[in-house]
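Asks: One structure, pasted below without further comment.
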Amino acid sequence: MELTPVTDLPEIRPGDDLAALIAGRADDLGLGLEGAVLTVASTVVSKAEGRTANLEDYAVSGRAEEIAARIEEVAGEEKDPRFAQAVLEESTELLIEAPFLLTETRFGHITVNAGIDRSNVPDHDLLLLPKRPTESAERIRRGFEDRGYDDVAVIVTDTSGRPFRHGQRGVALGWAGMPASRDWRGERDRDGRELGVTVQSVVDELAAAANLVTGEGADGNPAVVVRDWEFGDLEGSDELFRSVEDDLIRQALREWRFEP
1 MELTPVTDLP EIRPGDDLAA LIAGRADDLG LGLEGAVLTV ASTVVSKAEG RTANLEDYAV
61 SGRAEEIAAR IEEVAGEEKD PRFAQAVLEE STELLIEAPF LLTETRFGHI TVNAGIDRSN
121 VPDHDLLLLP KRPTESAERI RRGFEDRGYD DVAVIVTDTS GRPFRHGQRG VALGWAGMPA
181 SRDWRGERDR DGRELGVTVQ SVVDELAAAA NLVTGEGADG NPAVVVRDWE FGDLEGSDEL
241 FRSVEDDLIR QALREWRFEP
């Protein structure tokens, strides 16, 4: 498998055609897109879709005031209630409200602060996640098809923390042109035992691999071409985010409250 960043893309602005920009730059670099998987950071997807905001845009509710005050009380750091309001408006459920905000986004991803970013947003205070990342991936993929690339899978990625571990890694938010997971159930291990639970989240694994070459901070390489990777002859699934009924951690968090 080979992963190559699409370097020297321009600063993305609202309305930019990401497929055209990425395809043009990939062609300049001699990167073959046909049959490849392309990962695209959600930051540039959000910028192209105009998903920016300023703190002054938010009318603060009493709930946001309570959350900001609670975080300041237990964490000892000031929390702007306007930011808390932005998180509330981007979320369908608040799972942890102190000492930080852990929420479910409107498309099912669970992350800190609804994934709202305050880095690398030159003209605004906040960068929000794409509203519907899988639809974003499908649009980018159609843009490649319009340019003659008929077999390009697209994954919209983000970086996210993990419970029980330090540090962040790349995860998939949306995808098109490939299943999210490959199902090993029913296959045999080397000892002949039948696998009963193994479902491999390949979009997350490719997102994490791509994150190794996109970099963080000021690196500015939001797109990666993944070549010579094969899904294999296995059943695929588009299930990625657990349902509430199957998510024991979420159910436990609903009964939990942080006490310093």
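Counting in the UniProt record's numbering, the sequence shown runs from 1 upward without gaps.
For each residue, glycine too, the CB sits at the ideal point set by N, CA and C.
Which partner residues of Ser-201 appear in the DSSP bridge assignment?
Replies: None; Ser-201 has no bridge partner.
Asks: Look up Arg-132 in the DSSP assignment and say whether it is helix, strand or coil.
Replies: In the structure shown, Arg-132 sits in coil (DSSP, three-state: anything other than H, G, I, E or B).
Asks: Can you give me the start and stop residues for the alpha helix (DSSP H) that Asp-28 sits inside?
Replies: Residues 18 to 29.
Asks: At 4 residues or longer, what runs of the alpha helix (DSSP H) sit wholly inside the region 161 to 205?
Replies: Counting only runs of 4 or more, we get nothing.
Asks: With DSSP run on the structure shown, which of helix, strand or coil describes Pro-10?
Replies: In the structure shown, Pro-10 sits in coil (DSSP, three-state: anything other than H, G, I, E or B).
Asks: Going by CA-CA distance only, name the one from Leu-128, Thr-39, Glu-34, Leu-33 that's closest to Glu-89.
Replies: It is Leu-128 whose Cα lies nearest to the Cα of Glu-89.
Asks: Anyone know if the C-beta pair for Ala-137 and Trp-175 falls short of 8 Å?
Replies: Cβ atoms of Ala-137 and Trp-175: closer than 8 Å.
Asks: With a cut-off of 8 Å on the beta carbons, I'd call Ala-180 and Glu-239 a contact; round off their distance for me.
Replies: At roughly 7 Å, the Cβ-Cβ gap stays under 8 Å, so Ala-180 and Glu-239 are in contact.
Asks: Helix, strand or coil for residue 280, going by three-state DSSP, please let me know.
Replies: What is shown of the chain runs 1 to 260, which leaves residue 280 out entirely.
Asks: Provide the residue span of the beta strand (DSSP E) that contains Val-40, from first to last.
Replies: From DSSP, the beta strand (DSSP E) with Val-40 extends over 37 to 41.
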